[in-house]
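Here the structure comes first, spelled out in structure tokens, and everything after it is commentary.
Protein chains in written order, with our numbering: chain H, 18 to 129; chain G, 127 to 239.
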């Protein structure tokens, strides 16, 4: 069964900490995405990547960065966590030509 | 930016009834997709309809697309309690990158046993 695995289901971090959210897919997908989901705001795209070592900003990249050193792994980095980054973070992957995304189970991050 | 807007925001029906959810979008699309999300979990891809298609079926799901009205509907027939979830439409634009999905705000469906 194909999978997108996010390293943590729940995470609690302190304001100002550097936070790493990891995402790994086993489907050899070239495209990977990070979204955050908040009540009433739906899913908003933070960053995405179409290839190793490349990245593009989505709609809300401020306060975030990403890293894609290997095809299967796409990391989201909160440089200095703030309380307004408390959210559900969803990673997804896809392959070009097949437009459906495969999502991970999500990481619920709380910044205190 | 949000492309799709689902209607209604919440829907509650009895088991066995049909559930219809609607989605409107703003710009021209390459395709439109529907996803389902169980509470606190990731999204699961349900069905994709291309801009040159008008209707598509998959099991108990029926999707229609009207590009002139920039709208789509998802029909779930003979609903079950296990269909309780949030349902999202998402679009791939016809210009620029064909790989980015833009999601709507979702419809929360509750199926009562």
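Virtual Cβ for every residue (Gly too), placed ideally from N, Cα, C.
Keep in mind it's a predicted model, so treat the numbers as computed, not measured.
Close to residue 218 of chain G, with beta-carbon spacing below 7 Å, are these residues of chain H in chain order: 116. For residue 231 of chain G, the chain H residues whose C-beta falls within less than 8 Å of its own C-beta are 57, 58 and 59, listed in chain order. Here residue 53 of chain H is buried: its Cβ has 16 or more other Cβ atoms, across all protein chains shown, within 10 Å. Considering only H:47, H:80 and H:43, the residue with the shortest C-alpha distance to residue 35 of chain H is H:80. Interface criterion met: the Cβ of residue 171 of chain G is under 8 Å from a Cβ in chain H. In the DSSP assignment, residue 162 of chain G forms a beta bridge with G:170 and G:213. For residue 159 of chain G, at least one C-beta of chain H is nearer than 8 Å to its own C-beta.
Residue 200 of chain G sits away from residue 140 of chain G, with the two beta carbons spaced by 8 Å or more. Proximity of chain H to residue 167 of chain G at the Cβ level (cut-off 8 Å) is accounted for by 122 and 123, in chain order.
H:119 is the residue among H:126, H:124, H:119 and H:127 whose C-alpha sits nearest the C-alpha of residue 169 of chain G. The residues 145, 202, 235 and 237, in chain order, have a CB closer than 8 Å to that of residue 209 of chain G in the same chain once the five nearest residues on each side in sequence are set aside. Three or more beta-carbon pairs separated by less than 8 Å link the region 91-99 of chain H to the region 33-52 of chain H, which places the two stretches in contact. In terms of Cβ geometry, residue 123 of chain H and residue 105 of chain H form a close pair [threshold 8 Å]. DSSP, reduced to helix, strand and coil, places residue 112 of chain H within a strand of the structure shown.
If you look at residue 183 of chain G, you'll find it in the beta strand (DSSP E) that goes 181-184. Residue contact with chain H for residue 226 of chain G: present (Cβ-Cβ distance below 8 Å to some residue of chain H). The beta carbons of residue 163 of chain G and residue 214 of chain G sit closer together than 8 Å. Closest in C-alpha terms to residue 175 of chain G, from the list G:197, G:205 and G:166, comes G:197. Of the candidates G:189, G:219, G:231 and G:229, G:219 places its Cα closest to the Cα of residue 157 of chain G. Setting aside the 5 residues that flank it on each side, residue 75 of chain H is surrounded in the same chain by 62, 63, 64 and 65, each with a C-beta closer than 7 Å to its C-beta; the list follows chain order. Listed along chain H is no residue with a C-beta nearer than 9 Å to that of residue 191 of chain G; the closest approach is about 14 Å.
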